[in-house]
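Reading through the structure tokens given below for one structure.
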Amino acid sequence: MKLNLDYLLDKLWEYLALIRVYTKKRGEPPDFDGGLILRRGATVEHVCHAIHRSIVNVFKYALVWGTSTKYSPQRVGLQHVVHHEDVIQIIKK
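Per UniProt numbering, the sequence shown starts with residue 1, numbered consecutively.
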């Protein structure tokens, strides 16, 4: 009996308007194991708050790989809207 749970899981993510954003440290490959779960329409500022509230105070810029940018990687600010399965690297002052 095939329950098609993958389809159900995809639909749940769509109905709940959730996205997964992965983080990357400088000089290391992206961490695809965990990721951050955010609402659709979240910005880089929301990603910073999800990691730690004080990161916004020392934020310089972020490098983003994925469908939300024209170039990979692209340097973006706090107001950039991230998409599902984007990879983000935060550069601090």
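For each residue, glycine too, the CB sits at the ideal point set by N, CA and C.
In this text, all values refer to a predicted model and were calculated from it rather than measured experimentally.
What are the boundary residues of the beta strand (DSSP E) that includes residue i?
| i | result |
| --- | --- |
| Ala62 | Phe59 to Trp65 |
| Lys92 | Val87 to Lys92 |
Considering only the beta carbon of each residue, do residue i and residue j sit closer than 8 Å?
| i | j | result |
| --- | --- | --- |
| Gln88 | Val21 | Just to set this straight, residue 88 is Ile in the shown sequence, not Gln. Yes, the pair counts as a contact, with Cβ atoms nearer than the cut-off. |
| Val44 | Gly66 | no |
| His49 | Val56 | yes |
Around the C-beta of residue i, are 16 or more other C-beta atoms found within 10 angstroms, so that it is buried, or is it exposed?
| i | result |
| --- | --- |
| Leu38 | buried |
| Val82 | buried |
| His52 | exposed |
Would DSSP call residue i helix, strand or coil?
| i | result |
| --- | --- |
| Lys25 | coil |
| Arg40 | coil |
| Val76 | strand |
Kindly indicate the opening and closing residues of the alpha helix (DSSP H) around residue i.
| i | result |
| --- | --- |
| Lys11 | Leu5 to Leu16 |
Can you tell which of the options has the C-alpha that lies nearest to the C-alpha of residue i?
| i | options | result |
| --- | --- | --- |
| His84 | Lys93, Phe32 and Glu28 | Phe32 |
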